[in-house]
RNA sequence: GGCUCUAUGGUGAAGCGGCUUAACACAUCGCCCUUUCACGGCGACAUUCACGAGUUCGAAUCUCGUUAGAGUCACCA
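In the numbering used here, the protein residues as written are 2 to 508.
Put into structure tokens, the structure is as follows:
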């Protein structure tokens with residue numbers, strides 16, 4: 002069998018859609034599974050949509066996701082150039098050839114003409130299908146008019162009758178009647194090809210023999226096949242991937258402000274985790290494993306196991322997977338990644354390594370350190386509401402608002418009253434204690450204290466933790482927090498808590 | 001509206017005609033561990049595969065229809 006060649010062909014829009022990235026991943030995996038080539042091609046045939054810097058953006062995303070391509074604009078191969086706007090003469094040449102072969106014709110209709118036809122049809126309440134009057138202009142005459150400077154487009158010629166079919170690796174055999182196909186424009190009046198034409202020409206010229214793309218191209222695939230046939234070229238294998246949805250009825254989209262790859266990175270998700278999660282959207286391995294390295298994915302990925310139905314993007318599961326990646330990495334690595342996030346919210350001189358140790362098993366993604374905005378789509382509501390999730394470590398930097406009710410805990414058997422008593426004990430012990438960087442010694446100190454007073458651990462530890470944080474839940478218990486805060490600050494907070502509690506109880 | 005695709009729990013999904021009284025994972029809810037939260041451990045969570053016919057000794061699995069959703073019908077990709 003010939004070496005498999007797949008391609009990823011994004012438009013430079015400056016935005017990496019999750020569904021798009023997933024298509025790139027699948028293309029990469031399919032190629033590499035069989036030791037094939039993965040090509041990057043830039044589809045920039047619409048000059049109106051040019052976005053500056055978008056090219057570098059694509060390179061950088063592919064780089065940090067480790068989707069390494071064998072050929073691309075910045076990695077020349079023998080099929081270049083890999084940017085469509087640099088291939089204009091090629092498309093012109095093949096368009097003319099296709100006209101000669103009877104697969105296309107020149108058309109001189111203006112957009113206004115067509116628009117008028119469409120409106121007339123709509124008025125009558127009929128479905129519109131453009132019937133091109135230029136069909137009957139002979140090639141010779143058309144070329145004369147073109148030579149004379151008339152504006153024109155090249156339009157695909159579709160046989161009036163017959164059926165065009167193709168086989169899709171995920172959807173099976175698909176048949177369409179030619180009469181339902183539109184005679185789409187192949188070469189625009191500005192001399193640029195449309196996507197519909199350029200992708201066929203390029204795929205053939207670049208010897209792409211396995212085309213992996215989104216589901217939305219299924220309906221135009223028969224038209225592409227007609228072009229392949231007119232040229233008498235080999236038809237590639239097709240793999241049409243189901244869409245990635247945000248809900249049953251809505252696609253994930255930029256317009257709705259849905260998460261893109263970059264948004265996820267900005268929230269502190271790990272790129273490996275994102276890719277791992279994406280692989281599982283619409284694809285399933287043979288066994289029950291879910292956490293895979295890229296190499297494992299390459300080994301296991303089989304086209305037959307791509308699911309045909311749409312997949313809903315589940316933030317919760319992504320979060321879980323990201324958490325798994327965080328837990329599995331060495332503490333050193335976690336600490337290094339967490340550092341920039343700490344810097345955004347913590348200026349106090351505290352033991353950040355200790356903090357990393359506590360956070361590694363507790364956070365799902367790094368933005369939990371700084372706090373973040375979360376979009377909540379309520380049942381039936383059109384607009385998502387934005388909720389701010391506070392930082393998980395906010396109590397370290399700032400003294401949070403005092404609330405005596407936090408001291409009341411049924412299971413710990415604590416009340417504001419007996420907490421005040423416990424805090425006197427705690428204050429005395431902590432003043433006499435010095436080894437704040439030793440978690441075990443610190444914990445032992447609390448345990449001994451409880452034992453001496455003849456109470457359960459919780460009776461002294463719960464009040465201590467609340468006094469140190471003013472929070473119902475914190476990463477780590479009183480010993481860890483005292484460690485992080487250090488002796489001086491810890492004592493300051495205990496004193497403050499005692500004062501606050503006294504005031505509250507007197508009032 | 002025409003054409004095309006899809007349909008297993010809240011989510012991702014396994015299942016490919018009998019081994020299924022439907023795996024596994026996320027979420028949720030219990031319980032245990034425990035100085036809170038988390039981690040970890042244990043357990044609960046679809047009598048049923050959108051619905052209706054049909055084929056078959058036997059169907060989530062095959063066929064047809066219905067319904068629902070999505071895609072497409074641009075000088076966008």
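From the three backbone atoms N, C-alpha and C, an ideal C-beta is built for every residue, glycine too. Since this is a predicted model, take the numbers as computed values, not measurements.
In this structure, the alpha-carbon of residue 375 lies about 14 Å from that of residue 269. Sequence-distant partners of residue 366 (beyond 5 residues in either direction) whose C-beta falls short of 7 Å from its own C-beta, in its chain, are 268, 269, 270, 320 and 323.
The residues 346, 370, 371 and 372, in chain order, have a CB closer than 7 Å to that of residue 392 in the same chain once the five nearest residues on each side in sequence are set aside. Counting along the chain, no beta strand (DSSP E) covers residue 28; the unbroken alpha helix (DSSP H) around it starts and ends at 19–34. The beta carbons of residue 448 and residue 436 sit no closer together than 9 Å.
Under DSSP, the beta-bridge partners assigned to residue 76 are 73.
A direct Cα-Cα distance of roughly 28 Å separates residue 16 from residue 337. With fewer than 16 other beta carbons inside 10 angstroms of its own, residue 233 counts as exposed. Counting only residues of its own chain and dropping the five nearest sequence neighbours on each side, residue 342 has a CB closer than 7 Å to the CB of 269, 367, 370 and 371. Runs of the beta strand (DSSP E) lying entirely within the segment 145–205, each at least 3 residues long, are 154–157, 164–169, 173–178 and 186–188 in chain order. Judged by their CB atoms, residue 216 and residue 243 are nearer to each other than the 9 Å cut-off. Restricted to the segment 343–410, the alpha helix (DSSP H) segments that are unbroken, complete and at least 4 residues in length are 353–360, 368–371 and 395–398, listed in chain order. With respect to the 9 Å criterion, residue 193 and residue 310 are not classified as neighbours on the basis of their beta carbons. In the three-state scheme derived from DSSP, where H, G and I count as helix and E and B as strand, residue 234 is classed as coil. Leaving aside the five residues that flank residue 134 on each side, the residues in its chain whose CB is nearer than 8 Å to its CB run, in chain order, 110. Here residue 74 is not near residue 63, since their CB atoms are 9 Å or more apart.
Taking C-alpha positions only, residue 468 is separated from residue 407 by approximately 9 Å.
In the pairwise beta carbon analysis, the segment 170–181 is classified as not touching the segment 16–30: fewer than three pairs are separated by under 8 Å. Among the bridge pairs identified by DSSP, residue 284 is matched with 307.
Inside the segment 241–295, DSSP marks whole alpha helix (DSSP H) runs of 4 or more residues at positions 262–267 and 272–280, from first to last along the chain. Where residue 107 is concerned, there is no enclosing alpha helix (DSSP H), although the beta strand (DSSP E) around it starts and stops at 105–108.
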